[in-house]
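Below: the structure, in structure tokens.
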Amino acid sequence: MTPKIARFLAEARPASPCLVVDVDRVEENYRRLQRALPQARIYYAVKANPAAPILARLVGLDSAFDAASFEEISACLAAGARPEAISFGNTIKKARAIAAAHEAGVDLFAFDSLEELEKIARFAPGARVYCRIRVENKGSDWPLSRKFGAEVEVARELMWRAADLGLVPYGLSFHVGSQQRDAAAYEAAIGKVGMLFTDLTESGLELKMLNLGGGFPIPYAEDVPDIDHFAGAIMRALREHFGNAMPDLIVEPGRFIVGDAGVVQSEVVLVSRRDPESPLRWVYLDIGRFGGLAETEGEAIRYRITTPHDGGATGPVAIAGPTCDGADILYEKTPYRLPLALASGDRVELLGTGAYVSTYASQGFNGFAPLTEHYI
Ligand SMILES: *Cc1c(COP(=O)(O)O)cnc(C)c1O
């Protein structure tokens, strides 16, 4: 937690549950990535946290943006982004959204299938397009490879087809999976996608851009390697493959930019010893799976939790949300321990919740209002 967030929680005492984001930390993270990978242009993945103060700060830093819907594009434009700095990076878009983006001046579109390519050709004629390639997501805590990406041989055909359809076959992209903790995943992806890039270029299709996606991890319950470790591996793999003929590089970080800039404060609603024979306590918080903590699905993302009793004796806990849904359990298999002194009414903090939390909150399941947000 940054000192600014700690001060805000102590002084403003906001109602619980809430998300507090330190926008200065967002800027620091952006600059840190820029220093680590100066060769790449940063397209912030808006879905990680689309709040206006974050977009405005990033516009001020001359960031570009990766948007997944026309609504996200509108949010970027409203924050002052130029349409040329926006990529419509979702491979699944309604024709209407493509047309609206094109009309607004957006000129860079992702695809991974023939039908999507034909939609882009029809509703954004002449646009620059890039094909997303399916790559291995091993090492990632939140994989994306089952749903997205074309196989190399399909992509090869589609890139030629793009040219036939009057589009600009601009580049290739991949995503190694979110919260990717193994730099080797980037190296393998660069090897695979780089080979296709070179093949296409040598056979006469002049590609310009390679989009390395997002995936850069932040520390949750476990530490992760530093961003410089990932940048070093990426640049080594790129030099090995491309030598001096380096394409324009794009990265699309979401989690890395906003994740550790945010803290959720929550109130303990109940601590229950459901089996008197067992030391396990069930801790029910006023935020759960439906309050925004969707990435606890499969216990994939394991947030660090702080309490007012830290330092005291601890015992094993299962942690759940406040709703009447049996799926609203955050952690049951992961061996969490919390202080024995923890009781209802205590405030606890879930760290690293700046990304993929605020917009996942339901609109009032069981009557619980969506998380309130404070950008400071
Ligand atoms: C979600 C997403 C990102 C951001 O991924 P992170 O793991 O948060 O960095 C980048 N690009 C695309 C296409 C995405 O869908």
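Going by the numbering used here, the sequence shown opens with residue 740, and the numbers climb by one from there.
The beta-carbon is built from N, C-alpha and C at its ideal position, and this holds for glycine as well.
Check: Within 8 angstroms, strictly: CB atoms of residue 1008 and residue 1056; Outcome: no
Check: Bridge-paired residues (DSSP) for residue 1089; Outcome: 1003, 1044
Check: Beta strand (DSSP E) segment containing residue 803, residue limits; Outcome: 803-806
Check: Terminal residues of the beta strand (DSSP E) in which residue 1069 lies; Outcome: 1068-1078
Check: When 974, 991, 989 are compared against residue 983, the one with the closest alpha-carbon; Outcome: 974
Check: Residue 800 classed as buried or exposed, judged by whether at least 16 other C-beta atoms fall within 10 angstroms; Outcome: exposed
Check: Anticipated Cβ contact below 8 angstroms, residue 1090 with residue 1051, distance rounded; Outcome: Between residue 1051 and residue 1090 the Cβ distance is about 19 angstroms, and since that is not below 8 angstroms, they are no contact.
Check: Distance between beta carbons of residue 883 and residue 889, contact taken as under 8 angstroms; Outcome: Rounded, the Cβ-Cβ distance is 14 angstroms, inconsistent with contact.
Check: Under the three-state DSSP convention, the category residue 814 falls into; Outcome: helix
Check: For residue 834 and residue 868, believed in contact at Cβ under 8 angstroms, the rounded distance; Outcome: With 8 angstroms as the limit, residue 868 and residue 834 do not qualify as a contact, their Cβ atoms being about 15 angstroms apart.
Check: C-beta atoms of residue 1111 and residue 787 nearer than 8 angstroms; Outcome: no
Check: Beta-carbon spacing of residue 915, residue 894 below 8 angstroms; Outcome: no
Check: Per-residue DSSP class, three states only, for residue 930; Outcome: helix
Check: Of the listed residues 1041, 1113, 1069, nearest to residue 963 (C-alpha basis); Outcome: 1041
Check: As assigned by DSSP and simplified to three states, the class of residue 740; Outcome: coil
Check: DSSP three-state assignment for residue 968, whether helix, strand or coil; Outcome: helix
Check: Local Cβ density within 10 Å of residue 1092, reported as buried at 16 or more and exposed below that; Outcome: buried
Check: Option nearest residue 1122 by Cα separation, candidates 796, 792, 837; Outcome: This structure gives no information on residue 1122, because the portion of the chain shown stretches from 740 to 1115.
Check: Heavy atom of ligand 2 within 7 angstroms of residue 813 beta-carbon; Outcome: Among the ligands in the structure shown, ligand 2 does not appear; only ligand 1 can be found there.
Check: Local Cβ density within 10 Å of residue 855, reported as buried at 16 or more and exposed below that; Outcome: buried
Check: Per DSSP, cross-strand counterpart(s) of residue 1112; Outcome: 758
Check: Burial state of residue 778, where buried means 16 or more other Cβ atoms lie within 10 Å; Outcome: exposed
Check: From 1074, 1113, 1059, 1047, residue whose alpha carbon lies closest to that of residue 1087; Outcome: 1047
Check: 7 angstroms CB neighbourhood of residue 798 in its chain, flanking five on each side removed; Outcome: 818, 819, 820
Check: For residue 1058: DSSP bridge partner residues; Outcome: 1022, 1070
Check: Neighbourhood of residue 1085 by C-beta distance below 8 angstroms, restricted to the same chain and skipping five residues each side; Outcome: 1006, 1007, 1046, 1047, 1048
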